[in-house]
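First up is the structure itself, then whatever we jot down about it.
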Amino acid sequence: MNLQRIGETQASDNGIAITSTGTESPVSITINKHATSLPSILIPLLDKIISAYQPQYEEIGNTTEIPDVEDKISYNSVKIYADDIRENTGYMALIEGILDSIDDQNPNAKVTFLWAINKKYKGCKRKLFLDNSIDPSDKPKAQEIISANADKIIHQVATTIISSCSGHINAPIELVEAAQELIVCYGFINCQILEKPQ
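In terms of our numbering, the sequence shown opens at residue 129 and continues consecutively.
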């Protein structure tokens, strides 16, 4: 990591350091180095996901009530992906903006996208229940197995949602992976991956 020093303040290549006179000085802010390139990969990637699921789209439940991110992380016992989700919440406006512009040209694109993510999640959850002989109507037992496997579920959803369309995208793998992280975070925050806190 290449650090630049200005007095007592230092920042990495991918960060900004701010010196202030407050008690919390210096402040270090890390910026995703792919942030400026993400729209160029997210637009075709989201478009491919939406077009892949458009013919099969079914109306999903109310998505307007979004729980607090920390509550959802805690409720589902997310551990490995928790920090990634926290870091990527700041980029949700980017995905919202892209989905809104796609939705303007292709009505219902946003709900189709959320439905596609939810469909992948339900498939992973169904397999988990089958492999562990869990009755989904036994809500406490179902939540227990989901929480015990939350990070695996997030990983499986991320892999399957991207694998259906990433072969058609000509972009560096790091950029595709950064876009994948944002897509998964968006699905998690909008309650399409894992369970909503009760």
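We treat Cβ as the ideally placed atom computed from N, Cα and C, and that holds for glycine.
- Secondary structure note for K207: it is in no alpha helix (DSSP H), with a DSSP letter that is neither H nor E.
- For D266, there is no enclosing alpha helix (DSSP H), as DSSP gives it neither H nor E.
- Nearest Cα to N234 within the set D175, K200 and I311: D175.
- In this structure, A278 keeps its C-beta atom at 8 Å or more from the C-beta atom of I169.
- Between G251 and N216, the alpha-carbon positions lie close to 24 Å from each other.
- Ranked by how close their Cα comes to the Cα of I282, the residues S229, C319 and D259 have C319 in first place.
- By the Cβ neighbour-count rule, Q284 is buried, with 16 or more other Cβ atoms within 10 Å of its own.
- With 16 or more other CB atoms across the displayed protein chains lying within 10 angstroms of its CB, I274 is buried.
- Between the region 196 to 205 and the region 299 to 311, the count of Cβ pairs shorter than 8 Å is below three; the stretches do not touch.
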